[in-house]
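Residue numbers (my numbering), protein chains in the order written: chain B, 1 to 411; chain V, 1 to 255.
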Amino acid sequence: MAQTVNAPTLPPPPLSAGALGWARENLFGSRLSGALTLVSAAAIAVGLWFSLAWIFFSADWEVIVKLGGRFVIGQYNAETSCPGQNCFWRPQAGLLMATALLGVFWAITASVSVKRAAFAVALTSAAFAFLPYSLNEMGWDVRLLLLANVPALGAGWAIGRHTPLNTPSRAIIASVGAFLLTLLLLRGGFLGLEPVVVEKWGGLMLNILLALTGIVFSFPLGVGLALGRRSNLPVLKLLCVFFIEVMRGMPLITLLFMSQVLVPLAFPENFPLNSVTRAAIVIILFSAAYMAENVRGGLQSLHPGQAQASRALGLAAWQTTLFISLPQAIRNVIPALANQFIALFKDTSLVYIIAMLDIVQIGRAFIQGNTEYLLHARELFIFIAVVFWVFTYAMSYFSKRLETHLGVGQR
Amino acid sequence: MTTAPEETPASDDIIVFKDVHKWFGSFHVLRGITTSVRRGEKVVIMGPSGSGKSTFIRAVNRLEEHQRGQIFVDGVEMTNDVRHIDAIRRDVGMVFQSFNLFPHLSVINNITLAPIKVRKLPRREAEQAARALLERVGIPEQAEKYPAELSGGQQQRVAIARALAMQPNVMLFDEPTSALDPEMIREVLDVMRELARSGMTMMIVTHEIGFAREAADRVIFMDEGTIVEEGPPKEFFINPKEERTKLFLHQILTH
Ligand SMILES: Nc1ncnc2c1ncn2[C@@H]1O[C@H](COP(=O)(O)OP(=O)(O)OP(=O)(O)O)[C@@H](O)[C@H]1O
Ligand SMILES: [Mg+2]
């Protein structure tokens, strides 16, 4: 007899029987898995033993210490780049703005992951203020500006909470403004600020600037290309296909090389276009082509009933694209986009081909100029690899959070 | 053409089809459909699979373009003129077999999207109306959920509420219950019955004979792209004239 009415409601059974139970179930479920677990554990232990021994006893991290701030800003503050002035504060002002804006976004979105990012940036920056350099090597001014990231975060949060800068769209506009302001500051040449030619920008700052520019501009361009490729206008479609296939068909390094020759052709003569801008343009176009194909894949995967339902409600074609198709398409391809942006970030290193000193190249140039460190190139490049990993892992983490937040694959 | 759209002869007819033809490639789907629907009338369309029922009602709001003949909705002829099409789509609600709710929007946003973007209603007003509609279709407590979190019957009721939010004069239903379990079929049909009582003009493709008998003013039987027979449900079900109708009814009744 079914007892549905009077059956008591029971709590669900416990998910697992503690750590031991979990291990028994997952690590030693069968003879084979038990053996595999033991072998892997041994391999991991040996690997860890040798890595840690090398990191703490054999390796000489002196070279990292010597390069110091140059990892971050390259030659930017060198006497040859910024003669007669101390220019270190200009990149730092950019960092402060970024931290403050993270605070603003934290206040607006109340999202845990944004909060974590904001604290990570602010606290890491502040932590650098305590590096055991002498005051000669790293002055109070530098340290104070680094520490200022913590109050900047608080200020940003207060701004997002208590001022009209309290909607996502306004915060995005403010971010674009802050980005442009940072570029202007770095450039200098006004209000008595010594101009610093962009060829002297370098280090991680250069990688980040190029990656940010690339992501921000290639996104709308790529979406436009994807829509163009799917449009009914044959000429537009053909142009988009042509552009995408050409850009995808060439290695980025070739494009960067060509940028120095070809991009100027697209602008009037004497147009003040420096090599970094040219590189940035090429990176944007290259990334946009991949972006377009990713977004197109997302659009293709949509059920045709979605657009039909939207049109049947009276939404115009452009509204259907903007409110129904694109949000779903982009949401569905977030993993692919994250992948692409990670690749883009790493590819910014290729600007060495046009004689820019990004973080990798700064390291290489240093070793070449100081042959006494030749033996420690390993430490140097491992360090640089870790820096890249931290950033790309952060991107991966955020894309994962975004997926969860938007319910990809769930709804 | 910039002249005023041609007026239909009888203004009591809200939908008029005059010798409408449609081809998919070389496949002749609609082969001369001529019929009209009066204001407030409930028309049920039946017919074997592939007979062109969906194509027929989708031609009403031009989700399918016809290639010959004329279609008038509310006195306006359906042509390629985008303004007419958009105006008519605002006036004609549609409910699909597969619901087609927008999965990235919550239930309330599914319903308010078109009123806000198309009718330019203020959000607050649109949400109030949406909640009233959810009440009407019997699921006021689901407003903040996402479509994937609802049962099929609930999703279809949201889809009906979404269409009603545009305050249409005509509602088109394309097999609204075919993807549902029996229990959910009933909840959806209840909503449709209530809608029918409220005086809405409805065109419904369905195989629910019980519903057709009690709610329809007229049943249209289609086969191979033509209207084979039409008439009030009593006559249609009890006394069909055409051989093909008899065969079809025999099949679905003994099924
Ligand atoms: N986009 C299309 N391209 C080509 N052929 C189509 C298309 N849509 C429908 N058809 C064909 O047109 C015919 C009529 O289709 P329609 O969907 O109108 O039939 P239906 O009566 O609604 O059938 P069902 O009961 O299966 O829904 C079918 O043979 C179908 O294969
Ligand atoms: Mg059909």
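Think of the CB as a built atom: it goes at the ideal place given N, C-alpha and C, for glycine as much as any other residue.
Membership of R170/B in any beta strand (DSSP E) is not indicated; the residue belongs instead to the alpha helix (DSSP H) covering 168-187. The closest heavy atom of ligand 1 lies less than 6 Å from the beta carbon of K53/V. Not a single CB atom of chain V sits nearer than 7 Å to the CB of P335/B. In the DSSP assignment, R39/V falls outside any beta strand (DSSP E), carrying neither H nor E. The C-beta distance from I111/V to A161/V rounds to 5 Å, short enough to fall under 8 Å. Nearest Cα to T254/V within the set I108/V, I209/V, T34/V: I209/V.
One alpha carbon belongs to L236/B, the other to V351/B, and they sit about 32 Å apart. Taking one beta carbon from each stretch, the region 202-222 of chain V and the region 169-184 of chain V have 3 or more pairs nearer than 8 Å; the two touch. Ranked by how close their Cα comes to the Cα of A93/B, the residues P264/B, E25/B, V196/B, L181/B have L181/B in first place.
Unbroken alpha helix (DSSP H) runs of no fewer than 4 residues, entirely contained in the region 218-280 of chain B, are found at 234-248, 252-262, following chain order.
I283/B sits close to G214/B, with the two beta carbons spaced by under 7 Å. By the beta-carbon neighbour count (other beta carbons within 10 angstroms, threshold 16), R278/B is buried. Interface criterion met: the Cβ of L313/B is under 7 Å from a Cβ in chain V.
Proximity of K117/V to chain B, defined by a Cβ-Cβ separation below 7 Å, is satisfied. Contact between E379/B and I44/B is absent: CB atoms are separated by about 23 Å, not below the 8 Å threshold. According to DSSP, E77/V shares a beta bridge with F72/V. Residue-level contact by beta carbon fails for Q300/B and chain V, as no gap is shorter than 7 Å. For F24/V, the shortest C-beta to heavy atom distance toward ligand 1 is below 6 Å. Distances from the alpha-carbon of Q97/V to those of K246/V, T206/V, I88/V put T206/V closest. Annotated three-state conformation of G156/B is helix, per DSSP. Excluding five sequence positions before and after I73/B, the CB atoms of its chain that fall closer than 6 Å to its own CB belong to P91, G203, M205, given in chain order. Taking 6 Å as the cut-off, one finds no heavy atom of ligand 1 near enough to the beta carbon of S151/V. Inclusion of F366/B and L67/B in the CB contact set at 7 Å is warranted, their separation being smaller than that value. Contacts with chain B (Cβ-Cβ distance below 7 Å) from the region 87-114 of chain V involve R89, R90, M94, F96, S98, N100, F102, P103, H104, L113, A114, listed in chain order. Around the beta carbon of N239/V, fewer than 16 other beta carbons lie within 10 angstroms, which makes this residue exposed. Here V219/V is bridged, per DSSP, to V44/V, G231/V. For M138/B, there is no enclosing alpha helix (DSSP H), since its DSSP letter is neither H nor E. One thing to note: V107/V has its Cβ within 7 Å of the Cβ of Q142/V. For M94/V, the enclosing beta strand (DSSP E) has its first and last residue at 92-95.
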